[in-house]
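Shown next, in structure tokens, is the structure this report addresses.
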Amino acid sequence: MPKIVDHELQREKVAEAAWRVIRKNGMKQASVRNIAEEAGLSVGAMRHYFSSQSELYAYSMKLVSERVTIRIQNIAFTGEPLKDIPIIVQQILPIDEERISEMEVWFAFVAESMSDPSLAELYKQVDDEMRRMFVTIVQALIDHELALADLDCNTEVERFYALVDGLAVHAILRPEVLTKEKIISVLDHHLRSICRH
């Protein structure tokens, strides 16, 4: 009997191979040939799953976002915003090996998106999704009457998003300085600073 290959699972394996190449050697070395070698496939077999390097990059970039979304969907929420919000935000921060890997690859793709229109479009979509997440977070604080009375929702969405982005960048560049414990502490401090006491 012929071997049945799960096409989507194989695409994920190739994307994960791309992540490994990018993490080890950077985007410049993430050629179809190098990724095929990392995935244990021939270049010809790679074409079976991705018609171009650009398609492979876009899929690999989207996979990062999808993994984060799945983690958030699997959270058992308590219904208490001050408990749930830190757990949600931690899903996009590099505080364990899985999330460090995702963030390193994500930043590599974001840099590449400045010169690749297909990646640029995908980055904008994910950025819009992230912003909506922070809108939901801040609005939940307001709706539950936990936020400071004079809190400006739009400003706080941008500030909270910028803080989390900054924490992610610093955690990747200087993990010995910005530890998991410090990240969680800064998040907790920020959340409390915008809430009533």
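Mind the numbering: the sequence shown is residues 838 to 1034 in our numbering, read in order.
For every residue, glycine included, the Cβ atom is placed at its ideal position computed from N, Cα and C.
Values in this document were obtained by computation on a predicted structure and should not be read as measured data.
Quick one: give me the first and last residue of the alpha helix (DSSP H) that residue i is part of.
i, result
"residue 1016", "Note, residue 1016: premise wrong, no alpha helix (DSSP H); not H, not E."
"residue 917", "No alpha helix (DSSP H) contains residue 917, which DSSP labels as neither H nor E."
"residue 952", "Note, residue 952: premise wrong, no alpha helix (DSSP H); not H, not E."
"residue 862", "844-862"
"residue 897", "890-910"
Is the beta carbon of residue i sitting closer than 8 Å to the one on residue j?
i, j, result
"residue 1021", "residue 993", "no"
"residue 925", "residue 979", "no"
"residue 998", "residue 968", "yes"
"residue 922", "residue 1000", "no"
"residue 876", "residue 901", "no"
"residue 872", "residue 945", "no"
"residue 905", "residue 927", "no"
"residue 1009", "residue 939", "no"
"residue 956", "residue 895", "yes"
"residue 948", "residue 897", "no"
"residue 1007", "residue 1015", "yes"
For residue i, which beta-bridge partners are listed by DSSP?
i, result
"residue 990", "The partner list for residue 990 (beta bridge, DSSP) is empty, contrary to what the question assumes."
"residue 984", "1032"
Specify the secondary structure class of residue i as computed by DSSP and reduced to three states.
i, result
"residue 867", "coil"
"residue 838", "Residue placement at residue 838 is poorly supported in this model, since its pLDDT is 49, which falls under 50; the coordinates still yield a value, given next. In this structure, residue 838 counts as coil in the three-state DSSP scheme."
"residue 877", "coil"
"residue 928", "coil"
"residue 1002", "helix"
"residue 887", "coil"
"residue 1027", "helix"
"residue 965", "helix"
Considering only C-alpha positions, which residue in the set the options is nearest to residue i?
i, options, result
"residue 891", "986, 927 and 950", "950"
"residue 899", "985, 960 and 930", "960"
"residue 920", "857, 977 and 1013", "977"
"residue 986", "1034, 907 and 1011", "1034"
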